[in-house]
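Engineer: Sending over a structure as structure tokens; questions will come in a sec.
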Amino acid sequence: MNLLLVRPKPFQNESATGDLLRLAEGNGFTSMHDLDFLAARAAGSDGLERVSAMLGGTSVTGLRGAITRFPSLKADDPGGLEQQFWNGRRPRCCPACLASDPYWRASWDVEIVAACPSHRAELLDLCGNCHQPLSWKRSHIAACNCGASLSGMPIVPAPVGCIAVSRFVCAVLEDAPGASQICALSSPFDRLCARDLLTLCTFLGGYACNDGSRPTKIADLHKMSVARAISQAAGDALIDWPVGYHSLLGRLISKGCSAAYSARLTKRFGYFYTALYKRFGDKQFDFLRHEFDSYIRKEWSGQLADRNRRLSESTRTEHKWVPLTTAARELGVKRNIVCSFINRGMLSGQIHSTTAGRISGTVRRDTLNSLCAEKARWLTLAETRSALHLSRKGAYALLKSGKLRPVSGPTVDGRTIWRFSATDVAALGPQLLGHLANSKNRGSVAQTDDGGKQR
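Numbering (the numbering used here), first residue to last: 1 to 455.
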């Protein structure tokens, strides 16, 4: 008595839930609730077995998607993709696709998919007529409950990032070869299965759209507005690899914690840094960690130490920024002296102070090497006087006027001995000669009368 008379043939890339709605529509049911009611009386351990029993033993397994909204029709995705990745609450569709072939595509049911790669259009989840969310509890595959045709809804162009993610999801769902060539993504993504790809897209999109609170916990992803933002951000990070990914890392740094902690990777990147090496620690995600390492080597201006063992040894040893402690040790001075060198422009570096008063910071390696070489040539006051042929009184006069500027000494860093840069002293020599010449000229002019005759 439960056999269904009309048995439409499934399409290759059709959604499992969409196929059941076409089955209900073909048999004149008012909605899938009627099909669910019949399935409750059929034999089988899950929804697909019960539907197969109502079709006289014809198997309906193999279509992608998790069936979730109807108790007697519930079934897991035959491809093994967990229910968390499927959008069973608010269906989405491409009007242009429905106009050409009125069946529901499996990729539309993936939560993060927000665009149709074939028509480069945004999917819609609201009826343009009644402005209500679409529902699986309707009687026609290509019409809203209000009677409006979904195939006639306006087409809205989709962002490039959304299109890229959608193309890749379609490829992995259909197990198509050369997926990266299909969606213009780079070869590392060929090694990702559907679960890995969707996990990665949600992770990257969540951090890119993060407002500062729980980026890995995305609320309302079943809504098109949220899915569009996450998908676009994830696509922007993946296309033009690794430029988009590096751009995302730069934004994470800029909106991370306060500048007081910017010298530490764990504080600046937060859980993102940990997840790269734990949650995405498997071999197929090597490309993520490799490019993170590359970005840190080129762009990170904070501290790196032996404790950052997740990074490659070359990045840790060749990093162009060194901690204040290292700079102080190589210069043979205290940390506060290094800070004074930074403040005076003698070193290129950053200084950070915590609320507890702890000072940390980094110094560019090239400026540190230059200062170390320069420090070996620093002159004492006696050596400076000898080089400039100055008396003690003349030297102190230049000090007072600011023309002779010490790099170390009582008024600079509290040290008892004055030190002067050999470069500054050498540059001061011609200035003093010019000053003396000008003084002699002014004296000669003062000794002439109005007629130009010497008195």
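The beta carbon of each residue, even a glycine, is placed where N, CA and C say it ideally should be. Predicted model only: the values in this text are computed from it and were never measured.
With distance defined between alpha-carbon atoms, name the residue in Val156, Glu111 and Arg138 nearest to Ala148.
Structural biologist: Along the sequence shown, one-based indexing puts residue 148 at 148. The shortest Cα separation from Ala148 among Val156, Glu111 and Arg138 belongs to Arg138.
Engineer: Sorted by chain position, which residues of the same chain lie with C-beta nearer than 6 Å to Glu14's C-beta, five sequence neighbours on each side aside?
Structural biologist: The count along the sequence shown starts at 1 and reaches residue 14 at position 14. Cβ neighbours of Glu14 beyond the five flanking positions: Leu63 and Tyr103.
Engineer: Do Phe35 and Ala43 have their C-beta atoms closer together than 9 Å?
Structural biologist: In the sequence shown, counting from the first residue as 1, residue 35 sits at position 35. In the sequence shown, counting from the first residue as 1, residue 43 sits at position 43. It is worth fixing the name first, because residue 35 is Leu in this sequence and not Phe. No. Outside cutoff.
Engineer: What are the start and end residues of the alpha helix (DSSP H) that includes Ile342?
Structural biologist: Against the sequence shown, residue 342 aligns to sequence position 342. Taken as a continuous stretch (DSSP letters only), the alpha helix (DSSP H) holding Ile342 covers Arg335 to Asn343.
Engineer: Which residue spans inside the stretch 185 to 260 form an unbroken beta strand (DSSP E) run of at least 3?
Structural biologist: none
Engineer: With DSSP run on the structure shown, which of helix, strand or coil describes Leu265?
Structural biologist: Taking the first residue of the sequence shown as position 1, residue 265 is located at position 265. Note: Leu265 maps to helix in three-state DSSP.
Engineer: Unbroken alpha helix (DSSP H) runs of length 4 or more, entirely within the stretch 276 to 347: which are they?
Structural biologist: 286 to 299, 313 to 318, 324 to 331 and 335 to 343
Engineer: Could you name the residues that DSSP lists as bridge partners for Ser360?
Structural biologist: Against the sequence shown, residue 360 aligns to sequence position 360. Note: Ser360 sits in a beta bridge opposite His352.
Engineer: Going by beta-carbon coordinates alone, are Leu248 and Ala233 separated by less than 9 Å?
Structural biologist: Against the sequence shown, residue 248 aligns to sequence position 248. Against the sequence shown, residue 233 aligns to sequence position 233. In this structure, Ala233 lies closer than 9 Å to Leu248 by Cβ.
Engineer: Going by the CB atoms, is the gap between Phe189 and Ala275 shorter than 9 Å?
Structural biologist: As a position in the sequence shown, residue 275 is number 275, starting the count at 1. As a position in the sequence shown, residue 189 is number 189, starting the count at 1. No; because the gap between Cβ atoms is not below 9 Å, this pair is not in contact.
Engineer: Is the beta carbon of Asp196 sitting closer than 9 Å to the one on Gln284?
Structural biologist: Residue 196 sits at position 196 when you count from the first residue of the sequence shown. Residue 284 sits at position 284 when you count from the first residue of the sequence shown. Their beta carbons are under 9 Å apart, which means Asp196 touches Gln284 by this criterion.
Engineer: Mind checking Ser408: buried by the 16 CB within 10 Å criterion, or exposed?
Structural biologist: Along the sequence shown, one-based indexing puts residue 408 at 408. Ser408 should be labelled buried.
Engineer: Buried or exposed: Lys375, going by 16 or more other Cβ atoms within 10 Å of its Cβ?
Structural biologist: Here the question's residue 375 lines up with position 375 in the sequence shown. Counting Cβ neighbours within 10 Å, Lys375 comes out buried, since at least 16 surround it.
Engineer: Taking buried to mean at least 16 other C-beta atoms within 10 Å of its own C-beta, is Phe37 buried or exposed?
Structural biologist: Position 37 of the sequence shown, counted from the start, is the residue given in the question as residue 37. Exposure of Phe37 is indicated by the presence of fewer than 16 other C-beta atoms within 10 angstroms of its C-beta.
Engineer: Would DSSP call Val110 helix, strand or coil?
Structural biologist: Position 110 of the sequence shown holds residue 110. Strand, per DSSP.
Engineer: Select from Gln132, Ala426, His352 and Gly332 the residue whose C-alpha is nearest the C-alpha of Leu404.
Structural biologist: Sequence index remark: in the sequence shown, residue 404 carries index 404 (1-based). Taking only the C-alpha atoms, the option nearest Leu404 is Ala426.
Engineer: So, helix, strand or coil for Pro157, using DSSP?
Structural biologist: Within the sequence shown, the letter at position 157 stands for residue 157. Strand, per DSSP.
Engineer: Where Thr216 and Gln132 are concerned, what is the direct C-alpha to C-alpha distance, given to the nearest angstrom?
Structural biologist: Numbered from 1 along the sequence shown, position 216 holds the residue referred to as residue 216. Numbered from 1 along the sequence shown, position 132 holds the residue referred to as residue 132. Cα to Cα, Thr216 sits roughly 29 Å from Gln132.
Engineer: Taking the alpha-carbon positions, what's the Leu185 to Val165 distance?
Structural biologist: Counting from 1 along the sequence shown, the entry for residue 185 is found at position 185. Counting from 1 along the sequence shown, the entry for residue 165 is found at position 165. Annotation note: pLDDT 48 at Leu185 (below 50); position unreliable, no value reported.
Engineer: Looking only at DSSP bridge pairs, what is Arg457 linked to?
Structural biologist: The first residue shown for the chain is 1 and the last is 455, placing residue 457 beyond what the model contains.
Engineer: Within this structure, are the beta carbons of Ala66 and Leu55 separated by less than 9 Å?
Structural biologist: The sequence position of residue 66 within the sequence shown is 66, counting from 1. The sequence position of residue 55 within the sequence shown is 55, counting from 1. Contact flag unset, no.
Engineer: Return the CA-CA distance between Leu98 and Ala40, expressed in angstroms with no decimal places.
Structural biologist: Along the sequence shown, one-based indexing puts residue 98 at 98. Along the sequence shown, one-based indexing puts residue 40 at 40. Spanning the two alpha carbons is a distance of roughly 30 Å.
Engineer: Got a sec, what are the start and stop residues for the alpha helix (DSSP H) Asn475 sits in?
Structural biologist: The requested residue 475 is not part of the displayed model; the chain covers only 1 to 455.
Engineer: Are the beta-carbon atoms belonging to Cys130 and Leu123 less than 9 Å from one another?
Structural biologist: In the sequence shown, residue 130 corresponds to position 130, counting from 1. In the sequence shown, residue 123 corresponds to position 123, counting from 1. No, the pair does not count as a contact, with Cβ atoms beyond the cut-off.
Engineer: Taking the beta carbon of Gln83 as the centre, do at least 16 other beta carbons fall within 10 Å, making it buried, or is it exposed?
Structural biologist: Reading the sequence shown from its first residue, position 83 is the one you call residue 83. Gln83 is exposed by the Cβ-count criterion.
Engineer: Would you decide whether Asp125 is buried or exposed? Buried here means 16 or more other CB atoms lie within 10 Å of its CB.
Structural biologist: Position 125 of the sequence shown, counting from 1, holds the residue named residue 125. Buried, since its Cβ has 16 or more Cβ neighbours within 10 Å.
Engineer: Sorted by chain position, which residues of the same chain lie with C-beta nearer than 8 Å to Arg419's C-beta, five sequence neighbours on each side aside?
Structural biologist: Sequence index remark: in the sequence shown, residue 419 carries index 419 (1-based). These residues qualify, in order along the chain: Trp378, Leu379, Thr380, Pro406, Val407, Ser408 and Gly409.
Engineer: Which same chain residues, not among the five before or five after Ile351, have their C-beta less than 7 Å away from its C-beta?
Structural biologist: To locate residue 351, count along the sequence shown from 1; it is residue 351. Counting only Cβ-Cβ distances below 7 Å, and skipping sequence neighbours, we find Cys339, Ile342, Ile359 and Gly361.
Engineer: Within its chain, find whatever has a CB closer than 6 Å to the CB of Arg335; leave out the 5 residues flanking it on each side and keep chain order.
Structural biologist: In the sequence shown, counting from the first residue as 1, residue 335 sits at position 335. Leu324 and Ala328, listed in sequence order.
Engineer: Which residues in the same chain as Asp236 place their Cβ atom closer than 6 Å to its Cβ, once the five residues preceding and following it in sequence are excluded?
Structural biologist: What you label residue 236 is simply residue 236 of the sequence shown in a count that begins at 1. Only Gly161 and Gly244 meet the Cβ criterion.
Engineer: What span of residues does the alpha helix (DSSP H) with His33 cover, start to end?
Structural biologist: Here residue 33 corresponds to residue number 33 of the sequence shown, with the count starting at 1. Start and end: Met32 to Ala39.
Engineer: Note down the Cα distance separating Ile337 from His319, rounded to an integer number of angstroms.
Structural biologist: For this step, residue 337 is matched to residue 337 along the sequence shown. For this step, residue 319 is matched to residue 319 along the sequence shown. Their Cα atoms are separated by approximately 22 Å.
Engineer: Counting C-beta neighbours from all protein chains within 10 Å, is the total for Pro91 16 or more, i.e. buried, or is it exposed?
Structural biologist: Counted from its first residue, the sequence shown places residue 91 at position 91. Result: buried.
Engineer: Give a yes or no on whether the C-beta atoms belonging to Met224 and Ala143 are separated by under 9 Å.
Structural biologist: Taking the sequence shown and counting its residues from 1, the one referred to as residue 224 is at position 224. Taking the sequence shown and counting its residues from 1, the one referred to as residue 143 is at position 143. In this structure, Ala143 does not lie closer than 9 Å to Met224 by Cβ.
Engineer: Consult DSSP for Asp175 and reduce its assignment to one of helix, strand or coil.
Structural biologist: Mapped onto the sequence shown, residue 175 falls at position 175. Of the three classes helix, strand and coil, the one that applies to Asp175 here is coil, per DSSP.
Engineer: In this structure, what does DSSP give as the bridge partners for Ser15?
Structural biologist: Mapped onto the sequence shown, residue 15 falls at position 15. Arg64.
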